[in-house]
Amino acid sequence: MNVDFSNISSNISSLTSSLTLSSQPRGLHNFITDIRNSVSKEDEKKRIEIELANIRKKFSNSSSLSSYQKKKYVWKMCYIYVLGYDIDFGHLEFISLLSS
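Structure follows, in structure tokens:
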């Protein structure tokens, strides 16, 4: 019996990528796309500073944030940290998400 594994592999790849994109918050996906499409390091830094200011503002009134929003902002902060930028706030929100 001959099985065409290339077709199966292709189907699994497309299914996996669609599941990954659909389970990822849209704002996070757009943010990562913006960062990856930055023309220069200065553009990247400016975009990150704007996003960190937005997250800081949202966390200052964190009682009105849903768990979805908290997750989205923490994921953005993790991505920013992985890029090598310092994160000096949001630690309590991160810990509360871990404990929930």
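In the UniProt record's numbering, the protein residues as written are 1 to 100. We put the CB at the ideal spot given by N, CA and C, even for glycine. Being a predicted model, the structure only gives us computed values, none of them experimental.
Item to check | 9 Å Cβ cutoff met for residue 98 and residue 70 | outcome: Walking along the sequence shown from the start, residue 98 turns up at place 98. Walking along the sequence shown from the start, residue 70 turns up at place 70. Cβ distance not < 9 Å, so residue 98 and residue 70 don't count as in contact.
Next on the checklist: Across the segment 58–72 and the segment 43–50, are there enough close Cβ pairs to call them in contact, namely three or more that are closer than 8 Å?
Outcome noted: no
Next on the checklist: Looking at the secondary structure, which residues open and close the alpha helix (DSSP H) in which residue 103 lies?
Outcome noted: Past the boundaries of the shown model lies residue 103; the chain is included only from 1 to 100, so the question cannot be answered.
Item to check | Sequence-distant residues of its chain with Cβ nearer than 6 Å to residue 21 (five each side left out) | outcome: Position 21 of the sequence shown holds residue 21. Annotation note: pLDDT 47 at residue 21 (below 50); position unreliable, coordinate value reported separately. Cβ within range, chain order: n/a, list empty.
Next on the checklist: Rounded to the nearest angstrom, what separates residue 87 and residue 56 at their Cα positions?
Outcome noted: Your numbering for residue 87 matches position 87 in the sequence shown. Your numbering for residue 56 matches position 56 in the sequence shown. Whole-angstrom Cα-Cα distance: 11 Å.
Next on the checklist: Can you tell me whether residue 30 is helix, strand or coil according to DSSP?
Outcome noted: If you number the sequence shown from 1, residue 30 lands on position 30. Looking at residue 30 - three-state DSSP - the assignment turns out to be helix.
Checklist entry - What is the C-beta distance between residue 85 and residue 48, in whole angstroms, given that I count them as a contact (C-beta under 8 Å)? => result Within the sequence shown, numbered from 1, the residue matching residue 85 stands at position 85. Within the sequence shown, numbered from 1, the residue matching residue 48 stands at position 48. Confirmed, Cβ separation roughly 6 Å.
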